[in-house]
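Right, one structure below, let's go through it.
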Amino acid sequence: MDTAVINGAVDAVRAGFGLNAGQIGFAVSCALLGSAVGAWYAGPLADRYGRVRSMQVAAALLAVSALGSGLVHGVWDLVLWRLVGGTGVGMASVIAPAYIAEVSPAAIRGRLGSMQQLAIVLGIFAALLSDAWLAGAAGGAEKTLWLGLEAWRWMFLAAVVPALVYGTLVLGVPESPRYLVARGRLAEAKAVLREVLGLGDEAALDSSLHTERRPRLRDLRGQCAGLLPVVWIGIALSVFQQFVGINVIFYYSSTLWHSVGFSETDAFSITVATSVVNVLVTLVAIALVDRIGRKPLLAIGSAGMAVTLALMAWCFSQANGSGATLALPHGVGLLALVAANAYVVCFGVSWGPVVWVLLGEMFPNSIRAIALAVAAAAQWLANFAITSSFPALAELGLPFAYGLYAAFALLSFLFVLYAVRETRGMELEEMRA
């Protein structure tokens, strides 16, 4: 919710502070730099202080950021508070999949790991729905709503609520048994395993006993360009997940549809509908990931995204007019909407949830938290690169931007075929570097 909530505020912030394309791109994407920092340090913090304590810190950062972002006086204030919130997002993005993988039985770990993505898309949906409602209630995102504050400010303030809920609920979450083993708290680890997994046989715990210790960055070193091969695969998965352009849809879609002839109200409605599609297909992915497997879903998703992105590029090449008068022909506009939602379907059933599942489970126990932190930091940096560059790419031409994303989708298909291995049904203790 914290990253996507800016979708409805982009035009109002740009007009209110008089920003150019580069400045609004940075204002939108700066949170992702904070996310990269949060992801980078989340692993060491989670290994030192525990998964649960780290989640509490993330929740506090998210709440403070949402409050600050809604009360800013200038664009650089907004950048500062978005960086703070991004740090919390980055921490949560690392700790959640690691924790889920560490408390899940192998037979259902994929489905439980996919809950991370379900939570993400529900947060996006909540952000876009609240944006649309607040803008509608005020008569526009730039119009005053309550207490003398514009609607776009309330869009940010609304994110305080889920941050407080997150911080409260995490108080009742048991600590990761694998973290407890690494800290020598064996009795507590056994109690959690019995409570959460119903595990009576201690064989898996004994295996972890010999491998768990506090990992360090030097543990990731290998002979493949300085890193272990599995770490490079994790980084590549993270980068490809972002380079297919998915977050352009969720950060800029209202502005995008508005720019090609749709009214502000229709643009908000289209954006909310797309987020609903994203939620529904994530539920499909949860049902399939432990049946079909990780690798087949990724390959299917890559192929589908390459086709639908190329179709979107063609549709935007048919636009008539320029500037404020730019519009898609009626039939082409409908085709663009269908292609955009088909693209979201392809991503939501594959690369959205499956990458988080793989990142949570593919690394050996001895390096999981730190390797996941590195991969997640790469993901947020890639997200920043795509999100900050989109306004400039859009000025060059939407066909060029979406053609570029289609090319990355095609490359991701080849990467999956030749580099990604299947992990369905494997225990975490079986993962190798």
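Residues in the sequence shown are numbered consecutively from 394, following our numbering. Beta carbons are placed, not taken as given, at the ideal position from N, Cα and C, and that holds for glycine. Values in this document were obtained by computation on a predicted structure and should not be read as measured data.
Query: Extent of the continuous beta strand (DSSP E) run through L728; Result: Unbroken run through L728 is the alpha helix (DSSP H), 723–741; no beta strand (DSSP E).
Query: Under 8 angstroms between C-beta atoms of A494 and V398; Result: no
Query: Per-residue burial, Q616 [other beta carbons within 10 Å of its own, 16 or more giving buried]; Result: exposed
Query: Strand pairing of R614, partner residues [DSSP]; Result: L620
Query: Assigned exposure category for N713 - 16 Cβ within 10 Å defines buried; Result: exposed
Query: Member of Q449, G503, L730, A552 whose CA lies at the smallest distance from the CA of I488; Result: Q449
Query: Backbone secondary structure at E495 - three-state DSSP; Result: helix
Query: Backbone CA spacing between A402 and P567 [nearest angstrom]; Result: 38 angstroms
Query: Helix, strand or coil at L676 [DSSP, three-state]; Result: helix
Query: Check whether A799 and A699 have beta carbons under 8 angstroms apart; Result: yes
Query: Backbone secondary structure at E543 - three-state DSSP; Result: strand
Query: Rounded separation between G533 and A556 - CA only; Result: 26 angstroms
Query: Exposure label - R504; buried when at least 16 CB within 10 Å; Result: buried
Query: Extent of the continuous alpha helix (DSSP H) run through L803; Result: 791–812
Query: Backbone secondary structure at T561 - three-state DSSP; Result: helix
Query: With 16 other Cβ atoms within 10 Å as the buried cut-off, status of L786; Result: buried
Query: Cβ distance (whole Å) where L613 is taken to contact A764 below 8 angstroms; Result: 6 angstroms
Query: Straight-line gap, S447 to M484 (C-alpha atoms, nearest Å); Result: 7 angstroms
Query: Beta-carbon proximity check, F518 vs S462, cutoff 8 angstroms; Result: no
Query: Given 8 angstroms, three or more beta-carbon pairs between the region 681–699 and the region 742–754; Result: yes
Query: Presumed contact (8 angstroms Cβ cut-off) between A405 and E543, rounded CB distance; Result: 7 angstroms
Query: Exposure of Y442, with buried meaning 16 or more beta-carbon neighbours within 10 Å; Result: exposed
Query: Local Cβ density within 10 Å of I501, reported as buried at 16 or more and exposed below that; Result: exposed
Query: Beta-carbon proximity list for A794, same chain, < 7 angstroms, skipping 5 on both sides; Result: F783, L786, A787
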